[in-house]
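Novice: Before I ask anything, here is the structure I am working with.
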Amino acid sequence: MIYKNLTDEQKEQISKELNNYAVAVGGINPFLTMIEDIRDARPNALLNKTAIFHYAQGTLNWGKSIFKDTLTTLFDAMRKEEKDGDMINGLKPKEYKITMNMMKILKPITVTINPKDEECGGFSFPILDTTEPKKTKMSLIFKILFFYNIEFAKEALNYEIKDAN
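Numbering (my numbering), first residue to last: 1 to 165.
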């Protein structure tokens with residue numbers, strides 16, 4: 001997803017959402033630092049067996065450990081969703097089964113961000129967005145934290161909402 005190619009309404013909505021998340025972790029700089037720390041982690045932050053990732057200004061927790069094959073399937077599904085708009089349409093039977101198993105594993109998992117600053121509330125989000133029946137997608141904040149280029153987050157956070165007047 002390329003931010004500048006989105007409609008003004010989409011840009012506005014993503015900007016508001018990201019700014020709310022940024023406030024929940026202490027501001028734009030701590031939010032961007034968290035994304036950079038997640039990206040710099042080797043191996044991927046989600047592969048921590050304890051299901052906890054410590055970044056400079058807090059922690060990320062999720063329900064259970066995620067294995068490399070599940071994470072690889074998740075990223076492949078995300079690429080397909082970005083390209084085709086759906087992560088399971090048109091898959092071969094074997095790939096469909098693997099993707100469905102990944103979705104069953106990840107559906108109940110919620111990632112919780114806990115900043116060290118006591119005054120910041122942090123936030124939680126599911127990895128998979130199941131708000132539309134029969135149309136499971138990756139949640140946008142998950143994609144922004146773990147998948148998209150950090151420039152996407154910077155553009156969204158700096159987007160100036162135009163007045164409706």
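Glycine included, C-beta positions come from ideal geometry on N, C-alpha and C.
Only counting the same chain, and skipping five residues up and downstream in sequence, which positions put a Cβ closer than 8 Å to that of Phe67?
Specialist: Only Leu47 meet the Cβ criterion.
Novice: Whole angstroms are fine: how far does the CA of Glu82 sit from the CA of Cys120?
Specialist: Those two C-alpha atoms are separated by around 32 Å.
Novice: Considering just the uninterrupted stretch of the alpha helix (DSSP H) at Ser124, what are its terminal residues?
Specialist: Taken as a continuous stretch (DSSP letters only), Ser124 belongs to no alpha helix (DSSP H), being part of the beta strand (DSSP E) at Phe123 to Pro126.
Novice: Near Phe147, what residues of its chain come up, given a Cβ to Cβ distance below 6 Å and the 5 sequence neighbours on each side ignored?
Specialist: Met78, listed in sequence order.
Novice: Return helix, strand or coil for Met87, following the three-state DSSP convention.
Specialist: Met87 falls in the coil class under three-state DSSP.
Novice: Report yes if the C-beta distance between Gly90 and Val25 is below 8 Å; otherwise report no.
Specialist: Against a cut-off of 8 Å, the Cβ pair of Val25 and Gly90 comes out as no contact.
Novice: Between the C-alpha atoms of Tyr3 and Thr136, what's the straight-line distance to the nearest angstrom?
Specialist: Each residue's Cα considered, the two are about 22 Å apart.
Novice: To the nearest angstrom, report how far apart Asp40 and Asp69 are at their CA atoms.
Specialist: Distance between the alpha carbons of Asp40 and Asp69: 20 Å.
Novice: Can you tell me whether Gly58 is buried or exposed, with buried defined as 16 or more other CB within 10 angstroms of its CB?
Specialist: By the neighbour-count rule (16 or more Cβ atoms within 10 Å), Gly58 is buried.
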